[in-house]
Every structure is written in C-alpha cells, then in structure tokens.
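Residue numbers for the sequence shown follow the working numbering, beginning at 519 and rising by one.
All C-beta atoms in this analysis are idealised placements derived from N, C-alpha and C, irrespective of residue type, glycine included.
Just so it is clear, the structure is predicted and the values come from calculations on it, not from any experiment.
Note sheet for the following structure.
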Amino acid sequence: MPEALNPWSSGQAIDTRRLFDDFGIEPIGPLLDLLPEVPAFMRRGIIVGHRDYRPIALAIRDRRPFHVLTGFMPSGHPHLGHLLVMREVVWHVEQGGQGMITIADREAHAVRGLSWEDCDRYGREYLTALFALGYRGEAYFQSHNNALKDLAFEAATRVNFSALQAIYGFATETTLAHAMSVITQVADILYPQVAGEPAPTIVPVGLDQDPHIRLTRDVANSLRFFLVEDRGDHVSVRAKNAPEGGVRAVAKALPGSKAYEGHVDVRGMPCELVSEVVRGVERELGGFGFHPPSATYHTFMPGLVGGKMSSSVPDSSFGFTEPAAAVRKKVMRAVTGGRITLEEQQRLGGEPDRCTLFELNRFHMCDDDVELAEIRRRCLAGETTCGACKQATAERVLAFLADFRERMDEVEHLAAEV
Ligand code: TRP
C-alpha cells in the first residue's frame, strides 16, 4: 500500500489525482453549495476530499440528526497539528451534530508503548483544548469504555487477518494488541450509533486515517441484517444475516410490499423511506442498523522548520501551553518563502506557497479571507519582508494562545470529569 495512506507511517506526499481516481475519495467542492455556511477549512482547500459527505451536508441543511466523532491518540502533548481536527469537530457540533470524542489510549499503549498514566494525562490535555475551543458533547477513553469493547468484539467477527494484511500491511510479527487497536478504532467510529440512534456520522480526519474509514464502512455494511437497493421501478430488500422471520417482519412493516424467499420488493415508495423502515425493523430484531460512516480528509500543515510536523520534532510546532517566549522564538525561526537578499525579495517577491508561516495563517491565524489575500498579495509583490511578516504572525499566534489558555483554565474541570 502507498506510504501516504498508512496510518502509522510518517511523511506526506499526496497525489490528489490518485486519491480521487484510485481510492475513491471525492473532492468536497461540489457539496459546498448545500451548506448554510462554509468554514475556512473548506473554503481554503485544507480539506482535500471526503467519502460520502452528502448525507452530512443534507443533515446540516435540513436540520436532521447526525453524529460527529473523531479520536486523538494521546502519545504526547496536543499541539498546533491537532488544532484543525478540533475545529472541524466544534464546527460540526455548531451545525447540529451530536459530538463524541474518543481518546485512543489503547492505540497509544499498543502502538507507541505509552504507560496508562501518560495516556490519561495527555488525553485530558486534548479534552481540555477541545472544550476550550467550544466543544460540547461526549467523550471517553477507549480503555474505560466497556460497551465500546463489546462493539469491537462484534466488529472483529467481520475482519480476518488477510484483510489486515492487505489494508495495513500487517505481518506475522505484528502484535495482537496492534490489531486490537485497529478494531477498537472501527468500534469508535460506529459507537455513536450504538450509544445513540443510528444516523449519518462524520469523522473528520487526516488522509492517513482513510484505511480505517474504509474498513469501518465495510464492517458497518457487513453487520447489517438487510441490504436495501434501488432497482429503478422498485426497491429490493434482501436479507443477509437476518434472524429467522426477518423477511416477514420487513414485509409486515412495508404495506403493499411483496415477500419472496429471502427478499421483499416494494413499489411506489422512495428508497430512502424504505431504508429507514428497514433500519427500524433491524433494530427491533436486535441488529445495529448502521449508516456507513462518512469522512472528511484534511491535508497536513507543514512543520515550522519545513518537513513534517511531529511531536518528535519539537521545533516543528508548538504546544498549547508552551511559554509565550518559546512560541515566539519558533515563529521567528520558521522556514519562510523569502528570497536570499532583500533586493531579490523586492524584485521577485516572496513565495507564500512555500512558506510555513503563510500556511500557519491560512490554516489557523487569519480567519478573514480578505486579510489573508492581502498578506499573500503583499508577499508576492515584494512589498513586505519576512521579518515583518514573522513579527505580525507571532503577534497573532500569541494573542490566540493567550485567549486559548484562559479558556483552557476555565474548562479544565470538564476534562477532569470525563
Ligand atoms: N488513530 C487515530 C490517530 O492516530 C486516533 C483515533 C482512534 C481515531 N480512534 C479514532 C480517529 C476514531 C478518528 C476516529 O490519531
């Protein structure tokens, strides 16, 4: 499998063409018209693609229920690189989504070898940051959630080792705990529909998490009792793993339908409505009635020193509670798209598309599109120096962090209660 889509590899070389053509990820642009309000991360191409976002966009537009879930692996302090997904979750909650956050302590323990104590400590820092950004909703730690573990076991009945090998490149030396952390993530993604009602679920993640999304969509489908298909002139409902009497129960719930051996045909009823009725029957029969989860995929901000942003490269980002002086230093030392001499800079202009600070502004520090366009224009025109731009960016960052910290202090108790 390509490096770029392995959740545990480092580095990012995205070929969007391949994403769309080979992986079935779709561009988000065509769906933006459905949304009452388009957030910066969608306007600015920070989210490069999605899987099945349409049901989410429609739920937002029509004010129907949907879930929003994402997870954080507590393998270190939360930092700049986590801010985007946090904002995506908060935005979806503001748009009417029911929020659920998982702290992936099982994954951190299994894959990164972190102690449970560290997982707990870091996990609460992530939650504090989320609440400070305005998150309202539920949260849990994987290792403390028994219903989640039951769901993971159920999901595991649908996944074999050759699938894990094909999807993740697992080999004979892969630990069982690593495989268990994968199935736990599958359960995470389905969990909102078990803890609450079945409904479309949006999972905002980085591109590297797509294998988990694909696997979860397969598992969600495979756990269904019935398959509902639009056949043009009628809708067909087929029993897959339905218990005894399943077909009869569906036929009874759909007046005017015709029951056959193993399937039911319905005429004169829209497919969506049939789907909802069948989901209800499935739930009554003890099934899950899952909607396959949807996902948005964001690109990654480059590290401030160029290359990848990572907790293992301290200068590549800053933590949310780092001292202001240290943060300022990192911004002032960031790799920019400036020219070698001032004369060249004035003559040729800078290169914002190769500048980590322009990216920082584009991702997080400049909400106003007009202002961002002006920063870009002045840079391209050689009207500003990197020094001045760094100063201005540092001021924005420090103002943001000062406010953020104040809020974090106010909501720390919320994180402690999880
Ligand atoms: N694997 C994710 C990471 O490495 C964390 C995670 C666990 C997650 N469960 C999830 C992300 C569910 C999205 C949805 O960061």
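Can you tell me whether residue i is helix, strand or coil according to DSSP?
i	result
leucine 741	coil
proline 545	coil
proline 722	strand
arginine 756	strand
alanine 891	helix
serine 527	Low confidence applies here, because serine 527 scores a pLDDT of 49, under 50, leaving its location unreliable; read the following figure in that light. If DSSP states are grouped into helix, strand and coil, serine 527 belongs with coil.
isoleucine 565	strand
glutamate 555	coil
valine 831	coil
glutamate 802	helix
proline 870	helix
proline 520	The pLDDT assigned to proline 520 is 42, lower than 50, so where the model puts this residue is not dependable; a value taken from the coordinates is nonetheless given after this. In this structure, proline 520 counts as coil in the three-state DSSP scheme.
serine 793	helix
tyrosine 709	coil
valine 746	strand
serine 680	helix
glutamate 643	helix
leucine 822	coil
tyrosine 686	helix
Could you work out which residue in the options is closest to residue i when comparing CA atoms only?
i	options	result
threonine 839	Gly615, Arg630, Tyr658, Leu916	Leu916
glycine 774	Ala767, Val765, Gly786, Gly780	Gly786
alanine 705	Ala670, Gly825, Met883, Phe744	Ala670
glutamate 684	Glu802, His730, Pro710, Asp885	In the sequence on display, residue 684 carries alanine and not glutamate. Comparing Cα positions, the closest option is His730.
serine 507	Ala575, Gly542, His597, His568	Here the chain has residues from 519 to 936 only, and residue 507 is not among them.
alanine 713	Asp668, Val700, Phe743	Asp668
glycine 542	Ala558, Arg569, Glu555	Arg569
valine 611	Leu919, Asp748, Thr854, Ile574	Ile574
alanine 738	Lys776, Ala673, Thr534	Ala673
isoleucine 564	Phe818, Arg846, Val849	Phe818
arginine 865	Gly900, Arg579, Asp748	Gly900
phenylalanine 881	Phe559, Phe538, Ile546, Asp540	Phe559
arginine 735	Thr719, Gly614, Arg797, Ser680	Thr719
phenylalanine 659	Tyr709, Leu741, Ser680, Leu733	Tyr709
leucine 476	Arg846, Met618, Gly547	The question about residue 476 has no answer here: the residues shown for the chain are numbered 519 through 936.
leucine 733	Val755, Glu747, Ile701	Ile701
glycine 599	Ser828, Lys848, Tyr815	Ser828
proline 870	Arg605, His816, Thr902	Thr902
methionine 618	Ser680, Arg914, Ile707	Ile707
What does a CB cutoff of less than 6 Å around residue i pick up in its chain, not counting 5 residues either side in sequence?
i	result
valine 603	Thr588, Pro722
glycine 652	Val608
glutamine 711	Phe808
arginine 561	none
methionine 591	Ala622, Glu625, Ala626
Apart from the five residues on each side of it in sequence, which residues of its chain come closer than 7 Å, Cβ to Cβ, to residue i?
i	result
arginine 572	Leu549
histidine 752	Asp783, Val784, Arg785
phenylalanine 743	Ala757, Lys758, Asn759, Ala760, Gly764, Glu800, Leu803, Gly805
leucine 940	Here the chain has residues from 519 to 936 only, and residue 940 is not among them.
Would you say the beta carbon of residue i comes nearer than 7 Å to a heavy atom of ligand 1?
i	result
isoleucine 511	In the structure as shown, the chain starts at 519 and stops at 936, and residue 511 therefore has no counterpart that could be examined.
methionine 591	yes
threonine 703	In the sequence as displayed, the identity of residue 703 is glutamine instead of threonine. Glutamine 703: yes, Cβ under 7 Å from ligand 1.
leucine 587	yes
threonine 620	yes
valine 608	no
glutamate 625	yes
glutamine 711	no
valine 723	yes
glutamine 727	yes
Spatial neighbours of residue i within its chain, please: C-beta separation below 8 Å, excluding the five flanking residues on both sides.
i	result
alanine 934	Arg642
arginine 801	Pro716, Gly807
valine 823	Val831, Asp833, Ser834, Arg851, Ala852, Val853, Thr874
valine 951	No answer is possible for residue 951: the residues shown for the chain start at 519 and end at 936.
leucine 552	Arg572, Ala575, Leu576, Ile578, Arg579
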